[in-house]
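Here is the structure we will look at.
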């Protein structure tokens with residue numbers, strides 16, 4: 007039981023450099039590493055307890071050297087913050103498997119960012135207090151930033167844009183999307199405090215989410231469309247599988263999906 011708790015705490019820590027995480031997160035990782043070391047000494051089958059990715063794709067950096075579950079990935083964009091609380095993460099039987107096609111994998115992450123902007127807008131529209139919205143968006147936006155690495159995906163996908171004359175227009179839209187997302191992250195961190203949300207605060211954050219999403223639509227017009235369709239189809243299929251997995255699971259928390267932006271009328 008203690009092993010499961012510490013591992014979940016470690017997995018919930020954002021996958022950035024250790025210098026960027028809190029003391030509590032570092033402590034959790036310390037206990038997790040200790041328990042894994044002890045477990046490895048008693049592992050009769052001598053099987054590796056941790057696997058790493060070897061791909062050079064942006065999603066395969068050392069920050070991501072853990073096997074994601076499908077729910078880990080989907081919780082960032084489609085689940086309410088209660089799901090991301092360390093002790094409320096549901097157990098998952100299905101592991102997250104990277105797409106063997108690096109471009110399609112990168113477009114999958116871009117599509118997840120678009121989905122996340124819709125979720126953030128829902129938070130904004132339903133919140134009335136600054137501290138309430140800050141608690142929700144600070145966590146979820148940081149997860150989006152660390153796990154989906156939007157700017158890295160834009161740079162990677164840009165290699166596949168043809169003709170070359172379209173690269174400038176495409177990357178400009180992609181960078182504007184990343185800039186809008188970063189602007190929202192900075193605003194939540196520095197400009198939200200206590201008290202009622204003002205209309206100006208709501209407008210800024212909503213417009214940032216819309217700008218990010220719409221500029222990504224522009225960027226995605228320039229990428230190979232068959233790869234994009236495959237990435238979006240995967241998002242849709244995973245959401246259905248996740249919905250079915252949560253249905254009737256009293257330990258799954260709150261599943262609160264949004265309409266995917268490319269499906270909205």
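Residue numbers (my numbering): 7 to 271. Quick reminder that beta carbons are idealized off the backbone N, C-alpha and C, glycines included.
Practice item. Ignore the nearest five residues each way along the sequence and tell me which others in residue 180's own chain have a CB closer than 6 Å to its CB. Key: Working through the chain shown from its first residue, we reach residue 180 at position 174. If we look at residue 180 and ignore the five residues flanking it on each side, its Cβ neighbours are 160 and 225.
**Study point:** For residue 202, the three-state DSSP class (helix, strand or coil)
**Key:** Here residue 202 refers to the residue found at position 196 when the chain shown is read from its first residue. Correct three-state label for residue 202: strand.
Review point. Would you say residue 174 touches the ligand MG, meaning its beta carbon is less than 7 Å from a heavy atom?
Key: For the structure depicted, the ligand MG is absent and the ligand set is empty, with no information on it obtainable.
Review point. Between the segment 150-159 and the segment 197-210, do three or more beta carbon pairs fall short of 8 Å?
Key: No contact exists between the segment 150-159 and the segment 197-210.
Point to revise | Inter-residue CB distance, residue 234 and residue 113 (contact presumed, cutoff 8 Å) | key: If you number the chain shown from 1, residue 234 lands on position 228. If you number the chain shown from 1, residue 113 lands on position 107. Between residue 113 and residue 234 the Cβ distance is about 5 Å, and since that is below 8 Å, they are a contact.
Practice item. Please state if the CB of residue 136 and the CB of residue 272 are separated by a distance shorter than 8 Å. Key: The question about residue 272 has no answer, for the chain in this structure spans 7 to 271.
Practice item. Would you tell me roughly how many angstroms separate the C-alpha atoms of residue 147 and residue 218, rounded to the nearest one? Key: Taking the first residue of the chain shown as 1, we reach residue 147 at position 141. Taking the first residue of the chain shown as 1, we reach residue 218 at position 212. Whole-angstrom Cα-Cα distance: 12 Å.
Practice item. Return the residue from the list 266, 213, 182 and 140 that minimises the CA-CA distance to residue 238. Key: Mapped onto the chain shown, residue 238 falls at position 232. The shortest C-alpha separation from residue 238 is found at 266.
Review point. Do you know how far the Cα of residue 165 is from the Cα of residue 264?
Key: Working through the chain shown from its first residue, we reach residue 264 at position 258. Working through the chain shown from its first residue, we reach residue 165 at position 159. Their backbone Cα atoms lie some 31 Å apart in a straight line.
Check your understanding: CA-CA distance, residue 117 and residue 131?
Key -> Position 111 of the chain shown, counted from the start, is the residue given in the question as residue 117. Position 125 of the chain shown, counted from the start, is the residue given in the question as residue 131. Rounded to whole angstroms, residue 117 to residue 131 spans 22 Å at the Cα level.
Practice item. Could you check which residue in 186, 241, 250 and 177 has the C-alpha nearest to that of residue 210? Key: Mapped onto the chain shown, residue 210 falls at position 204. When each option's Cα is compared against that of residue 210, the closest is 186.
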